[in-house]
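Engineer:
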Amino acid sequence: DIQMTQSPTSLSASVGDRVTITCRTSQTVSTYLNWYQQKGGKAPKLLIYSASRLHGGVPSRFSGSGSGTEFTLTISSLQTEDFATYFCQQSYTDITFGPGTKVELK
Amino acid sequence: QVTLRESGPALVRPTQTLTLTCSFSGFSLSKNGMCVGWIRQPPGKALEWIARIDWDDDEHYNTSLTERVTISKDTSKNQVVLTMTDMDPVDTATYYCARILAGNDRDYFDFWGQGSLVTVSS
């Protein structure tokens with residue numbers, strides 16, 4: 380099974396900050412790596428698919444990069460509505476989710 | 046407009062079998078590239094993939110749950126059913142179904158149901 384880690388586990392940031400979250404996989408997943416945002420116990424929402432492709436309707440301040448085993452999600456200028464938990468997910472071999480990164484208000 | 050909705054019991058006794066139904070609209074599960082998956086999330090914890098079923102009837106299971114889980118689809122009713130046997134309190138979680146778009150260089154959950162909280166307790 381492919382194992383996934385995310386760093387940091389949580390972070391405190393201010394509105395307007397640039398935020399970067401890293402996801403690492405235990406073996407290559409090529410670009411079969413997706414990012415989701417989850418707020419307040421609601422269903423996750425897709426942000427980025429195939430490592431770097433922005434899902435429809437998602438603000439352009441969100442971007443993704445990486446391939447192989449290391450990936451990043453960047454929020455270029457954090458907005459109030461971005462305080463949430465972010466999960467990465469691989470679908471190269473079966474499906475695995477990362478443990479999540481909680482973005483909190485500083 | 047794609048929608049998915051989970052339905053099933055809110056409370057299950059230990060050792061019982063859980064049956065959840067995902068009713069969806071706005072797409073056909075017989076169309077190439079369409080899949081539906083189940084994911085769960087214990088309170089305050091991370092997401093865990095359970096199973097998926099693809100347009101071509103392929104079934105895939107989380108290796109840690111494969112002995113207890115079965116997924117099936119009824120294309121004519123636009124439903125996907127998940128059964129999980131021998132339920133335990135550690136299986137208490139919100140269970141989500143979600144559509145998967147699969148294809149060349151892509152495979153992701155793009156639409157999710159609202160989730161169904163299942164509590165396992167005697």
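These protein sequences, in sequence, are chains A and B. Just so we're aligned: the first sequence equals residues 380 to 485 in the numbering used here. Just so we're aligned: the second sequence equals residues 46 to 167 in the numbering used here. Even glycine gets a Cβ: it sits at the ideal position worked out from N, Cα and C.
Suppose the cutoff is 7 Å on Cβ atoms and the five residues either side in sequence are ignored; what does the same chain contact list for Q46 of chain B look like?
Structural biologist: Around Q46 of chain B: G71.
Engineer: Would you kindly report the start and end of the unbroken beta strand (DSSP E) that includes E483 of chain A?
Structural biologist: Start and end: 480-484.
Engineer: By how many angstroms is the C-alpha of V81 of chain B removed from the C-alpha of G175 of chain B?
Structural biologist: With chain B covering only 46 through 167, there is no way to say anything about residue 175 of chain B.
Engineer: Suppose you measure from the CA of T464 of chain A to the CA of D99 of chain B; what does that come to, to the nearest Å?
Structural biologist: Going from the Cα of T464 of chain A to the Cα of D99 of chain B covers about 28 Å.
Engineer: Considering only the beta carbon of each residue, do L484 of chain A and F466 of chain A sit closer than 9 Å?
Structural biologist: The answer is no: Cβ separation not under 9 Å.
Engineer: How big is the Cα-Cα spacing for I454 of chain A and T62 of chain B?
Structural biologist: When rounded, the distance between both Cα atoms is 42 Å.
Engineer: Please name the residue in B:V163, B:V126, B:V165, B:T164 whose C-alpha comes closest to that of S68 of chain B.
Structural biologist: Nearest of B:V163, B:V126, B:V165, B:T164 to S68 of chain B, Cα basis: B:V126.
Engineer: Measuring only between beta-carbons, confirm whether Y428 of chain A sits less than 9 Å from chain B.
Structural biologist: Yes, Y428 of chain A lies at the interface with chain B (some Cβ there is under 9 Å from its Cβ).
Engineer: Leaving out five residues on either side along the sequence, give the residues of the same chain with a beta carbon under 6 Å from the beta carbon of S52 of chain B.
Structural biologist: Hits under 6 Å: T66.
Engineer: Looking at chain A, is there any beta carbon in it that lies within less than 9 Å of the beta carbon of N107 of chain B?
Structural biologist: Closer than 9 Å: yes.
Engineer: Could you check whether the Cβ of Q159 of chain B sits closer than 9 Å to any Cβ belonging to chain A?
Structural biologist: Answer yes: the Cβ-Cβ gap between Q159 of chain B and chain A drops below 9 Å somewhere.
Engineer: Does DSSP put V398 of chain A in a helix, in a strand, or in coil?
Structural biologist: Strand, per DSSP.
Engineer: Exposed or buried, G477 of chain A, counting other C-beta atoms within 10 Å across all chains shown (16 or more means buried)?
Structural biologist: Flag for G477 of chain A reads buried.
Engineer: Buried or exposed: A422 of chain A, going by 16 or more other Cβ atoms within 10 Å of its Cβ?
Structural biologist: A422 of chain A comes out buried.
Engineer: Run down chain B in chain order and give the residues with a C-beta less than 7 Å from the C-beta of G479 of chain A.
Structural biologist: Those are A91, listed as they occur along chain B.
Engineer: Determine, for F450 of chain A, whether the minimum Cβ-Cβ distance to residues of chain B falls below 9 Å.
Structural biologist: By this cut-off, F450 of chain A is not an interface position.
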